[in-house]
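Same order as they appear, the protein sequences are chains C and W. Here the first sequence is numbered in the numbering used here, starting from 1 and rising by one per residue. Here the second sequence is numbered in the numbering used here, starting from 1001 and rising by one per residue.
Number of protein chains: 2
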Amino acid sequence: MIVIKDVARRAGVSVGTVSNVINSPERVGEDTRRRVEAAIAELGYVRNVHARQLRVGHSRILGLLVLDMGNPFFVDVARAAERTAHRAGLGVMVCTSNQSASEEEEYLALFAEQRVRGVLLTPADGSGRTVEAFRRHGIPFVLVDRVGAGGAGCSVSVDDVAGGTLAVRHLTAAGHRRIAYVSGPPHLQQIRDRRAGALAALAEAGIGDEALIELPTETLDVAAGRDAASRLLGLPQRPTAVFCANDLIALGVLQTLFAAGVGVPRDMAIVGYDDIEFAAAAAVPLTSVRQPAAAMGRLAAELLLAELEMEELELEELELESAGEGGGGAHEHRQVVLQPELVVRRSSLVRRGVSGGLL
Amino acid sequence: MIVIKDVARRAGVSVGTVSNVINSPERVGEDTRRRVEAAIAELGYVRNVHARQLRVGHSRILGLLVLDMGNPFFVDVARAAERTAHRAGLGVMVCTSNQSASEEEEYLALFAEQRVRGVLLTPADGSGRTVEAFRRHGIPFVLVDRVGAGGAGCSVSVDDVAGGTLAVRHLTAAGHRRIAYVSGPPHLQQIRDRRAGALAALAEAGIGDEALIELPTETLDVAAGRDAASRLLGLPQRPTAVFCANDLIALGVLQTLFAAGVGVPRDMAIVGYDDIEFAAAAAVPLTSVRQPAAAMGRLAAELLLAELEMEELELEELELESAGEGGGGAHEHRQVVLQPELVVRRSSLVRRGVSGGLL
DNA sequence: GGCGACGAGTGAATTGTTTCAATGAAATTG
DNA sequence: CAATTTCATTGAAACAATTCACTCGTCGCC
């Protein structure tokens, strides 16, 4: 393997000069620089980031840990975050926790070992224990799709209570009085918030909590939706509408209902969540609560970048030892909460007859 | 930041002993080991992989570069590869080239800098130039979804020619005589192979090449499909079937045809490629050429792991300097080619009337 | 009792880079 | 022309781990 010393020898300069050519070329004379650059090209030298990072103390990589890369919603979040980080010259290491607290812990440990510059995290662990444990490494992080507890870090999230309300208000307005909630794993905060919003919408319409029939699932994918739909069909008093915790589940529900000859929206209305691209292309186009995925990813990355910049400024101040200004530039953690939006499509359309009857 | 020296001081041992506790605990006495472990836990010590890797010379991370994480097909490949690598104790850094040769080059440079242990790569660059350039770093790599040129590396791919033939043979058998091919960016080998397969199927049916109307697109996503469908509708002699280079495009085509009131499969049959999960859940369930995504990811990772293992064995032999056996254990590159499979669904069903008429 | 073997632990060398004080040469100034 | 500044370059220290040749007891065996 070619190392910097080989390049230095070839170009007839010291290793320090080679390093300068790479990191601050303006300090190097033109002909020397060209000689060094030629040597680098000829030898195919690639610098070793491990040696570099050992010396400078921190890497140029962000960690991004999402719940499930199988969900296009998170893919969109990840892409936007990656693009933003990339523009700032930072690489991103994308990982999936699969909604498992233990995998989350494992990946966070990996990030800590790697001394990543910062972390963007969609927490899988409802208790916040792993996040708490991660905090002590002193690596800045931003929570995505979840409000930070105690304001001890930045976060970007979408108002899930509002989202649940939007979905269920839409259904009660159409006259539905028994609504199933296919909810996913109950340890996720999002799931609980959406239920709270759903119950609020029921209360608004003067309907009791018992009108919401909860069907929890282990996972948040299409298969879980298919499974939940089978259970739904077996219920004694069948609901007339289903609110699904995300679009993957909704697509699974739709498939199984179709196979069982249950018409959508004729016999059963469906509302999904996330508004992924495939929701509009589904067998029956899905009504869904849209979350601004790209905006979340971008904002989360921007908050993290801002925090990192602050950190560097503070470090410089420390070096100058100009205690004059004090903590004037200290980073303040921000909790950004975005609003969801209901996108109505055919899966929840009201039949004219019924609608008219209710009015 | 806590370093190994701090742990050593706390536990009252040397740094070498702490290192031994972490890397080969059996060499350390029981009480010492416990003392060190306690110190590690109390101080929250996390070892610095950069220092470690600088010393040992290689990392425990694989690089995985796919064409597009927005395509569920590649997500499936990535997940399977990641799971396999994880089982062998290796982390995976997943990146997306977005079908751009320049981004591919950038990420491969990043992998080289990181001294990743090996790389799994879905090449975006049709010329093979970036792959060729990467080869000289001496990092083992396996091509995914592409046969390696000249057998100079392992590869796992699916027979795209066969896939194209399956799709178009299915359409010609149903009586279609003018078929559009929405192809994506023509610099991708997959795209060219599928066309070749399509032409072969036409020849089989005694139809000339001009029966295949190619509609290239810049990207391979839903939006590209929508755009291509608009162009398709404007063609003078409208084809009666569309073969799409992947399912995302097919979904986009389907959406636009639906919006334009063109019935599928009544007025236009559609065949997609990949058989992603959403193909079955589409407005009209999509006929598609299934690729064994998970198997590809798993096999690719296994081939790479095998190559890495060989490398280690050779290194050991070198150390022993037992030149007796010679190159008996040298790694032999393998080209695994998997077969695609046609999954027929509603989007290409033959109307009874027409079918009868043709027979 | 002396010798070798063995187990446990030490401490210094090593890895590839960055950084910075020091050096020397050239350019500028009074 | 001496003094000072500027500029390009050098060489060695520092980063945090691993590794390995050694040391130091202790034990067993003849």
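Built from N, CA and C at the ideal position, the CB exists for glycine as well.
**Q.** Cβ contact (3+ pairs, closer than 8 Å) linking the segment 99-106 of chain C and the segment 123-130 of chain C
**A.** Three or more Cβ pairs closer than 8 Å define a contact, and the segment 99-106 of chain C meets that threshold against the segment 123-130 of chain C.
Q. P1186 of chain W: buried (16+ other C-beta within 10 angstroms of its C-beta) or exposed?
A. Residue numbering aside, residue 1186 of chain W sits at position 186 when the second sequence is read from its first letter. P1186 of chain W comes out exposed.
Q: Answer with buried or exposed for V337 of chain C, where buried requires no fewer than 16 other C-beta atoms within 10 angstroms of its C-beta.
A: Stepping through the first sequence from its first residue, residue 337 of chain C is reached at position 337. Answer is exposed; the Cβ neighbour count stays below 16.
Q. Using a C-beta to C-beta distance shorter than 7 Å, which residues of chain C count as neighbours of E1277 of chain W?
A. By 1-based counting over the second sequence, the position of residue 1277 of chain W is 277. Near E1277 of chain W (Cβ distances below 7 Å), the residues of chain C are V222.
(Q) For G1063 of chain W and E1106 of chain W, I'd like the C-alpha separation in whole angstroms. (A) What you label residue 1063 of chain W is simply residue 63 of the second sequence in a count that begins at 1. What you label residue 1106 of chain W is simply residue 106 of the second sequence in a count that begins at 1. C-alpha separation (whole angstroms): 13 Å.
(Q) If I measure Cβ to Cβ from A250 of chain C and keep anything under 6 Å in the same chain, skipping five residues before and after, which residues do I get? (A) In the first sequence, the residue the question calls residue 250 of chain C occupies position 250. Excluding residues within five positions, the ones whose Cβ falls inside 6 Å are C244, I270, G272, L286.
(Q) As an exercise, report each continuous alpha helix (DSSP H) stretch of at least 4 residues that is fully enclosed by the segment 1159-1241 of chain W, in chain order. (A) Runs found: 1160-1173, 1189-1204, 1222-1233.
Q. Sorted by chain position, which residues of the same chain lie with C-beta nearer than 7 Å to A1205 of chain W's C-beta, five sequence neighbours on each side aside?
A. Within the second sequence, numbered from 1, the residue matching residue 1205 of chain W stands at position 205. If we look at A1205 of chain W and ignore the five residues flanking it on each side, its Cβ neighbours are T1172.
Q. So which residues of chain C does R1136 of chain W contact, with C-beta pairs closer than 8 Å?
A. Position 136 of the second sequence, counting from 1, holds the residue named residue 1136 of chain W. For R1136 of chain W, the neighbours in chain C by C-beta distance under 8 Å run, in chain order, G44.
Q) If we count Cβ pairs, one from each stretch, closer than 8 Å, do we get three or more for the segment 195-209 of chain C versus the segment 107-126 of chain C? A) Using a Cβ-Cβ distance cut-off of 8 Å, the segment 195-209 of chain C and the segment 107-126 of chain C are not in contact, since fewer than three pairs of beta carbons, one from each stretch, lie closer than that value.
(Q) Strictly under 8 Å for the Cβ-Cβ distance: is R1290 of chain W near chain C by that measure? (A) Translated into the one-based positions of the second sequence, residue 1290 of chain W becomes position 290. Chain C has no Cβ within less than 8 Å of the Cβ of R1290 of chain W.
Q: At 3 residues or longer, and completely inside the segment 1277-1322 of chain W: list those beta strand (DSSP E) runs for me, N to C.
A: Taking only runs of at least 3 residues, the beta strand (DSSP E) segments lying wholly in the segment 1277-1322 of chain W are 1287-1290.
Q. Residues of chain C with CB under 8 Å from R1115 of chain W, in chain order?
A. Taking the second sequence and counting its residues from 1, the one referred to as residue 1115 of chain W is at position 115. Correct list: N48, V49, H50.
Q: Give a yes or no on whether 8 Å exceeds the smallest Cβ distance from G91 of chain C to chain W.
A: Counting from 1 along the first sequence, the entry for residue 91 of chain C is found at position 91. Yes, its Cβ sits closer than 8 Å to a Cβ of chain W.
Q) Is the Cβ-Cβ distance between H333 of chain C and M310 of chain C less than 8 Å? A) Residue 333 of chain C sits at position 333 when you count from the first residue of the first sequence. Residue 310 of chain C sits at position 310 when you count from the first residue of the first sequence. Taking the C-beta atoms as reference points, M310 of chain C is found no nearer than 8 Å to H333 of chain C.
Q | Nearest-angstrom Cβ-Cβ length linking V222 of chain C and P340 of chain C, presumed shorter than 8 Å | A | Here residue 222 of chain C refers to the residue found at position 222 when the first sequence is read from its first residue. Here residue 340 of chain C refers to the residue found at position 340 when the first sequence is read from its first residue. For a cut-off of 8 Å, the C-beta gap from V222 of chain C to P340 of chain C is around 22 Å, too long to register as a contact.
Q. Taking 8 Å as the CB-CB limit, is G70 of chain C close to chain W?
A. As a working note, residue 70 of chain C is residue 70 in the first sequence. Chain W has a Cβ within less than 8 Å of the Cβ of G70 of chain C.
**Q.** Assigned secondary structure, S157 of chain C (DSSP; H/G/I helix, E/B strand, else coil)
**A.** Translated into positions along the first sequence, residue 157 of chain C becomes position 157. Of the three classes helix, strand and coil, the one that applies to S157 of chain C here is strand, per DSSP.
Q) Mind checking P292 of chain C: buried by the 16 CB within 10 Å criterion, or exposed? A) Here the question's residue 292 of chain C lines up with position 292 in the first sequence. Buried, by the Cβ-count rule.
Q) Does any residue of chain C bring its CB to less than 8 Å from the CB of A1282 of chain W? A) Position 282 of the second sequence holds residue 1282 of chain W. Yes, because at least one Cβ of chain C sits closer than 8 Å to the Cβ of A1282 of chain W.
Q: Check whether the Cβ of G1324 of chain W lies closer than 8 Å to any Cβ atom in chain C.
A: For the purposes of this step, residue 1324 of chain W is taken as the residue at position 324 of the second sequence. Legend: pLDDT at G1324 of chain W = 48, less than 50; position of this residue unreliable, no value from coordinates given.
Q. Using a threshold of 7 Å, is the CB atom of T1032 of chain W nearer than that to any non-hydrogen atom of the ligand SAH?
A. Within the structure as shown, the ligand SAH is missing, as the structure has no ligands at all.
Q) Is A269 of chain C helix, strand or coil when you go by DSSP? A) Walking along the first sequence from the start, residue 269 of chain C turns up at place 269. Strand at A269 of chain C.
Q | Beta-carbon neighbours of L1054 of chain W, restricted to chain C and to distances below 8 Å | A | Taking the first residue of the second sequence as 1, we reach residue 1054 of chain W at position 54. Contact of L1054 of chain W with chain C by beta-carbon distance below 8 Å involves N48, H50, A51, L54.
(Q) Is it the case that the segment 1079-1099 of chain W contacts the segment 1027-1039 of chain W, given that we only count it when at least three CB pairs across the two stretches are under 8 Å? (A) Flag = no, the segment 1027-1039 of chain W and the segment 1079-1099 of chain W do not touch.
Q | Residue-chain proximity (G327 of chain C, chain W), Cβ-Cβ < 8 Å | A | As a working mapping, residue 327 of chain C is identified with position 327 in the first sequence. Because the pLDDT of G327 of chain C is 49, which lies under 50, any placement of that residue in the model is unreliable, and the question is left without a value.
Q | Residues that M1001 of chain W bridges to, as DSSP identifies them | A | Position 1 of the second sequence holds residue 1001 of chain W. In DSSP, M1001 of chain W forms no bridge with anything.
Q.
Between which two residues does the alpha helix (DSSP H) holding G1368 of chain W run?
A. Since the first and last residues shown for chain W are 1001 and 1359, residue 1368 of chain W lies out of range.
Q) Does Q255 of chain C come within less than 8 Å of chain W when only Cβ atoms are used? A) Here residue 255 of chain C refers to the residue found at position 255 of the first sequence. Yes, Q255 of chain C lies at the interface with chain W (some Cβ there is under 8 Å from its Cβ).
Q) Secondary structure at L1349 of chain W, three-state DSSP: helix, strand or coil? A) On the second sequence, residue 1349 of chain W is found 349 positions in, with the first residue counted as 1. Assigned with DSSP and collapsed to three states, L1349 of chain W falls in coil, not helix or strand.
Q: Could you tell me the distance, in whole angstroms, from the CA atom of S19 of chain C to the CA atom of R35 of chain C?
A: One-based indexing of the first sequence puts residue 19 of chain C at position 19. One-based indexing of the first sequence puts residue 35 of chain C at position 35. Rounded to whole angstroms, S19 of chain C to R35 of chain C spans 13 Å at the Cα level.
Q.
Less than 8 Å between C-beta atoms, sequence neighbours within five positions excluded: which residues of the same chain meet that for I1061 of chain W?
A. Along the second sequence, one-based indexing puts residue 1061 of chain W at 61. So the qualifying residues of the chain are L1090, G1091, V1092, M1093, Q1114, V1116, R1117.
Q. Between A294 of chain C and S59 of chain C, what straight-line distance do the alpha-carbon atoms span, to the nearest angstrom?
A. Here residue 294 of chain C refers to the residue found at position 294 of the first sequence. Here residue 59 of chain C refers to the residue found at position 59 of the first sequence. The alpha-carbon atoms of A294 of chain C and S59 of chain C are separated by roughly 25 Å.
Q.
In the DSSP output, what is D1274 of chain W paired with across the bridge?
A. Within the second sequence, numbered from 1, the residue matching residue 1274 of chain W stands at position 274. DSSP output for D1274 of chain W lists W:R1290 as bridge partner(s).
Q) Between which two residues does the beta strand (DSSP E) harbouring I1040 of chain W extend? A) On the second sequence, position 40 is the one that residue 1040 of chain W refers to. Secondary structure note for I1040 of chain W: it is in no beta strand (DSSP E), and the uninterrupted alpha helix (DSSP H) holding it is 1030-1043.
Q: Run through the segment 1073-1158 of chain W for me and flag every whole alpha helix (DSSP H) of 4 or more residues, listed as ranges in chain order.
A: Taking only runs of at least 4 residues, the alpha helix (DSSP H) segments lying wholly in the segment 1073-1158 of chain W are 1101-1114, 1129-1135.
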